[in-house]
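Engineer: Could you have a look at this structure, given as structure tokens, before my questions?
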Amino acid sequence: MNRYCNQVLALVWKDLAIEIKTKELFSSMFIFAALVILIFIFSADLSVVNAYDVGPGILWVAFVFSGAIGLNRSFMLEKENGCLQGLMLTPADRTAIYFGKLISNLVFLTVMETFILPLFMIFFNVDLLPRLGPLALVIFIGTLGICALGTLLSSLASNLKAREIMLPILLYPLLVPVVIGSVRMTSLLLAGKPLSSMINWLGLIACFDIIYIGVSIMTIDHILEE
Amino acid sequence: MNGENNDDNKPVLLWLTAAAFAAALYAIFFYVPTERTEGVVQRIMYFHIPSAWIAFFAFFIVFLCSILFLWKKEREWDIYAMASAEIGVLFCSLVLVTGPIWAKPIWGTWWVWDARLTSTLILWLIYVAYLMLRIHTDPGSMRARYAAVVGIVGFLDIPIIHFSVLWWRTFHPQPKMISAQGLGAGMAPSMVGALLISLTAFTLLYFLLMGQRINIEKLKDEIDRLKKENLYSH
Chain H
2 MNRYCNQVLA LVWKDLAIEI KTKELFSSMF IFAALVILIF IFSADLSVVN
52 AYDVGPGILW VAFVFSGAIG LNRSFMLEKE NGCLQGLMLT PADRTAIYFG
102 KLISNLVFLT VMETFILPLF MIFFNVDLLP RLGPLALVIF IGTLGICALG
152 TLLSSLASNL KAREIMLPIL LYPLLVPVVI GSVRMTSLLL AGKPLSSMIN
202 WLGLIACFDI IYIGVSIMTI DHILEE
Chain F
5 MNGENNDDNK PVLLWLTAAA FAAALYAIFF YVPTERTEGV VQRIMYFHIP
55 SAWIAFFAFF IVFLCSILFL WKKEREWDIY AMASAEIGVL FCSLVLVTGP
105 IWAKPIWGTW WVWDARLTST LILWLIYVAY LMLRIHTDPG SMRARYAAVV
155 GIVGFLDIPI IHFSVLWWRT FHPQPKMISA QGLGAGMAPS MVGALLISLT
205 AFTLLYFLLM GQRINIEKLK DEIDRLKKEN LYSH
């Protein structure tokens, strides 16, 4: 078990080290998410509509869109110079590769979201600070769902011809429950409702996370197979 | 061997399906009384519900065959999953076409963001993505494995999508066929009869189409095999 954890951590560290050195992924994800928010601000006139009504949806659209960029990169990076072959030749279990990628994707998305939230607060003039604790939980389980399924599909899409387009096409319809639930919970939180009033949504998204981490553990062997 | 067997079965299934459809059409257009409030447009229900049933059934078969493929790694299961997904998308499209035709006169709009409509649309998108994945991948074991994973992941999402859009909103007429009061309690007996005949006809059609599609795919494999043998052997 200890050895397994070390393998996963080594994989996470490898991805983080690359990212700290290049900062490629973070900058593209952050700028893209900021652009998505900007475009939506132009499409919804904030002097007419209530920022509390449209804000949560726009926030999650930004997360999901720029999340797909990060997820796409995570296995494409390994395809260059045949790094994925190297990873599969290591004595690590295939699920360790999955968990390593899952955690590093989770870290990248969370960092991007942490930087987007203040921007969202300023642009939409929404005060998130009093609800920051519950909001962090909602964002975390939503992001975990995006990463759990996204990492599995990214490992699959990286081997396809039309890889950039296939990941969003496969991922977005499957992510609909997470998006609906997260947007609903975020707008309830902004309306001042306590976390206990949205226990059904929390349960649903937690189920999603658990189901897809489980399915990924069972099927990753069939994807990372040469 | 298998081919001979198929040739014997096909005409029987073909004639059975044709007869069932003739009976269903007669029942829908002549036997069943016109619904009092909704009028003649209500008859589209006899196509809409069986299409929905076949779509869900087909996607369930995709799920089953995907699991069996990953387990046994036999090309057979991959062919079944692919054939079923294609038929499922076809009938899911029919559901999405017949629904708005009914909704326009009854609800006054082509589309509302109701739970059942939304989940059917999402389902359609998932399986269109499944078919696109198959198109974008070269034939072989990789395509079969990837498609099987998406087939499993997609089907497991259905209950979660169902609950999420149900809590989101719902206006669709409550299912009348299978309700808390028992089977067919909310409908006139003649309507239940017509619907059952239509369901039978569509189910037979599903198996007929499956047989045809599987046959085509097997012939394709056979052609590929012959090509390899004759073109690359010398």
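Protein chains in written order, with the working numbering: chain H, 2 to 227; chain F, 5 to 238.
Yeah, the Cβ is synthetic: ideal placement off N, Cα and C, and Gly gets one too.
Do the segment 31-48 of chain H and the segment 105-117 of chain H touch if we need at least three Cβ pairs shorter than 8 angstroms?
Structural biologist: Segments in contact, yes.
Engineer: Whole angstroms are fine: how far does the CA of W61 (chain H) sit from the CA of T144 (chain H)?
Structural biologist: In the first sequence, residue 144 (chain H) corresponds to position 143, counting from 1. In the first sequence, residue 61 (chain H) corresponds to position 60, counting from 1. Rounded to the nearest angstrom, the two C-alpha atoms are 10 angstroms apart.
Engineer: Here's a check: name, in chain order, each residue in its chain whose Cβ is nearer than 7 angstroms to the Cβ of H113 (chain F), leaving out the five neighbours to either side.
Structural biologist: The sequence position of residue 113 (chain F) within the second sequence is 109, counting from 1. As written in the sequence, residue 113 (chain F) is Thr, which differs from the His given in the question. Once the five neighbours on either side are set aside, the close Cβ partners of T113 (chain F) are A107.
Engineer: On the DSSP bridge list, what partners appear for G43 (chain F)?
Structural biologist: The residue given as residue 43 (chain F) occupies position 39 in the second sequence. DSSP lists F:E39 as partners of G43 (chain F).
Engineer: Would you mind telling me which residues of chain F sit closer than 7 angstroms to E81 (chain H), beta carbon to beta carbon, in chain order?
Structural biologist: For the purposes of this step, residue 81 (chain H) is identified with residue 80 of the first sequence, where counting begins at 1. Here the premise fails: no neighbours, minimum Cβ distance about 19 angstroms.
Engineer: Determine the chain H residues that contact A133 (chain F) at a beta-carbon separation under 7 angstroms, and present them in chain order.
Structural biologist: Taking the first residue of the second sequence as 1, we reach residue 133 (chain F) at position 129. Those are I170, L171, P174, listed as they occur along chain H.
Engineer: List, in order along the chain, the chain H residues whose C-beta lies closer than 9 angstroms to that of V169 (chain F)?
Structural biologist: Position 165 of the second sequence, counted from the start, is the residue given in the question as residue 169 (chain F). Residues of chain H passing the Cβ test: V177, P178, I181.
Engineer: Whole-angstrom Cβ separation of Y150 (chain F) and I224 (chain H), contact assumed at under 8 angstroms?
Structural biologist: As a working note, residue 150 (chain F) is residue 146 in the second sequence. As a working note, residue 224 (chain H) is residue 223 in the first sequence. The Cβ separation is near 7 angstroms, so the contact holds.
Engineer: Count the other CB atoms, across all protein chains shown, that sit within 10 Å of the CB of S156 (chain H); report buried if there are 16 or more and exposed otherwise.
Structural biologist: Locating residue 156 (chain H) in the first sequence gives position 155, counting from the first residue. By the neighbour-count rule (16 or more Cβ atoms within 10 Å), S156 (chain H) is buried.
Engineer: By DSSP, does D142 (chain F) sit in helix, in strand, or in coil?
Structural biologist: Within the second sequence, the letter at position 138 stands for residue 142 (chain F). Three-state result, D142 (chain F): coil.
Engineer: In whole angstroms, give me the CA-to-CA distance for L118 (chain H) and I218 (chain H).
Structural biologist: Position 117 of the first sequence holds residue 118 (chain H). Position 217 of the first sequence holds residue 218 (chain H). Each residue's Cα considered, the two are about 32 angstroms apart.
Engineer: Out of F:L203, F:N219, F:E226, F:Q216, state which residue places its alpha-carbon closest to the alpha-carbon of M49 (chain F).
Structural biologist: Residue 49 (chain F) sits at position 45 when you count from the first residue of the second sequence. The candidate whose alpha carbon is nearest that of M49 (chain F) is F:L203.
Engineer: By the three-class DSSP mapping on this structure, what secondary structure does K76 (chain F) have?
Structural biologist: The residue given as residue 76 (chain F) occupies position 72 in the second sequence. Three-state result, K76 (chain F): helix.
Engineer: Please state whether DSSP places N51 (chain H) in a helix, a strand or coil.
Structural biologist: Within the first sequence, the letter at position 50 stands for residue 51 (chain H). DSSP places N51 (chain H) in coil when its eight states are reduced to three.
Engineer: When you compare the CB of A163 (chain H) with every CB in chain F, is at least one pair closer than 7 angstroms?
Structural biologist: Numbered from 1 along the first sequence, position 162 holds the residue referred to as residue 163 (chain H). Chain F contact via Cβ: present.
Engineer: With a threshold of 7 angstroms between beta carbons, is I218 (chain H) in contact with chain F?
Structural biologist: Indexing the first sequence from 1 puts residue 218 (chain H) at position 217. Output row for I218 (chain H): interface = no.
Engineer: Since I believe I206 (chain H) is in contact with I142 (chain H) (beta carbons under 8 angstroms), could you give me their beta-carbon distance rounded to a whole number of angstroms?
Structural biologist: For this step, residue 142 (chain H) is matched to residue 141 along the first sequence. For this step, residue 206 (chain H) is matched to residue 205 along the first sequence. I142 (chain H) to I206 (chain H), Cβ: 5 angstroms. Contact.
Engineer: Can you list, in chain order, the residues of its chain whose CB lies under 6 angstroms from that of M186 (chain H), leaving out five sequence neighbours each side?
Structural biologist: As a working note, residue 186 (chain H) is residue 185 in the first sequence. Hits under 6 angstroms: V139, M199, W202.
Engineer: Is there contact here, the segment 171-179 of chain H with the segment 79-93 of chain H, by at least three beta-carbon pairs under 8 angstroms?
Structural biologist: Too few Cβ pairs lie closer than 8 angstroms, so no.
Engineer: What first and last residue would you give for the alpha helix (DSSP H) that runs through A163 (chain H)?
Structural biologist: Position 162 of the first sequence holds residue 163 (chain H). No alpha helix (DSSP H) holds A163 (chain H); DSSP gives it neither H nor E.
Engineer: How about L213 (chain F) and I91 (chain F): are their beta carbons less than 7 angstroms apart?
Structural biologist: Reading the second sequence from its first residue, position 209 is the one you call residue 213 (chain F). Reading the second sequence from its first residue, position 87 is the one you call residue 91 (chain F). Yes. Within cutoff.
Engineer: Could you compute how far the alpha carbon of A184 (chain F) sits from the alpha carbon of R120 (chain F)?
Structural biologist: In the second sequence, residue 184 (chain F) corresponds to position 180, counting from 1. In the second sequence, residue 120 (chain F) corresponds to position 116, counting from 1. Bear in mind that a pLDDT of 49 at A184 (chain F), under 50, signals an unreliable position, so the number given afterwards is only what the model happens to contain. Whole-angstrom Cα-Cα distance: 18 angstroms.
Engineer: So which residues of chain F does F209 (chain H) contact, with C-beta pairs closer than 7 angstroms?
Structural biologist: As a working note, residue 209 (chain H) is residue 208 in the first sequence. Chain F residues near F209 (chain H): I164.
Engineer: DSSP three-state call for A207 (chain H): helix, strand or coil?
Structural biologist: Reading the first sequence from its first residue, position 206 is the one you call residue 207 (chain H). In this structure, A207 (chain H) counts as helix in the three-state DSSP scheme.
Engineer: Starting from S234 (chain H) and walking both ways along the alpha helix (DSSP H), at which residues does that stretch end?
Structural biologist: Here chain H covers residues 2 to 227 and nothing more, so residue 234 (chain H) does not appear.
Engineer: Is there a Cβ of chain H sitting closer than 7 angstroms to that of T124 (chain F), yes or no?
Structural biologist: Stepping through the second sequence from its first residue, residue 124 (chain F) is reached at position 120. Answer no: the Cβ-Cβ gap between T124 (chain F) and chain H never drops below 7 angstroms.
Engineer: Candidates F:K232, F:I53, F:F64: which alpha carbon is nearest G158 (chain F)'s?
Structural biologist: Residue mapping note: residue 158 (chain F) aligns to position 154 of the second sequence, counting from 1. It is F:F64.
Engineer: Could you tell me the alpha carbon to alpha carbon distance between Y213 (chain H) and F33 (chain F), rounded to whole angstroms?
Structural biologist: Residue mapping note: residue 213 (chain H) aligns to position 212 of the first sequence, counting from 1. Residue mapping note: residue 33 (chain F) aligns to position 29 of the second sequence, counting from 1. Using only the alpha carbons, I get a separation of about 46 angstroms.
Engineer: Closest to Y134 (chain F) by C-alpha separation, out of H:P135, H:Q86, H:L154, H:L10, would be which residue?
Structural biologist: Within the second sequence, residue 134 (chain F) is the residue found at index 130, counting from 1. Answer by Cα proximity: H:L154.
Engineer: Okay, do the segment 159-173 of chain F and the segment 121-140 of chain F touch, 3+ Cβ pairs below 8 angstroms being the bar?
Structural biologist: Touching, per the Cβ criterion.
Engineer: Under a Cβ-count criterion, where at least 16 other Cβ atoms within 10 Å of its own Cβ denotes burial, should L36 (chain H) be classed as buried or exposed?
Structural biologist: As a position in the first sequence, residue 36 (chain H) is number 35, starting the count at 1. So L36 (chain H) ends up on the exposed side.
Engineer: For T152 (chain H), which residues in the same chain have their Cβ closer than 6 angstroms to its Cβ, ignoring the five residues on either side in sequence?
Structural biologist: Within the first sequence, numbered from 1, the residue matching residue 152 (chain H) stands at position 151. Counting only Cβ-Cβ distances below 6 angstroms, and skipping sequence neighbours, we find K102, L103, N106.
Engineer: Please identify the residue among H:S75, H:R164, H:I147, H:N160 whose C-alpha is closest to the C-alpha of V13 (chain H).
Structural biologist: Locating residue 13 (chain H) in the first sequence gives position 12, counting from the first residue. That would be H:S75, whose Cα lies nearest to the Cα of V13 (chain H).
Engineer: Give the DSSP-derived three-state secondary structure of E81 (chain H) in the structure shown.
Structural biologist: Residue numbering aside, residue 81 (chain H) sits at position 80 when the first sequence is read from its first letter. Note: E81 (chain H) maps to helix in three-state DSSP.
Engineer: Just checking: is the beta-carbon of I98 (chain H) within a distance shorter than 7 angstroms of some beta-carbon in chain F?
Structural biologist: Residue mapping note: residue 98 (chain H) aligns to position 97 of the first sequence, counting from 1. By this cut-off, I98 (chain H) is not an interface position.
Engineer: So the alpha helix (DSSP H) E114 (chain H) belongs to, where does it begin and stop?
Structural biologist: Against the first sequence, residue 114 (chain H) aligns to sequence position 113. It spans 95-125 - the alpha helix (DSSP H) in which E114 (chain H) sits, taken as one unbroken run.
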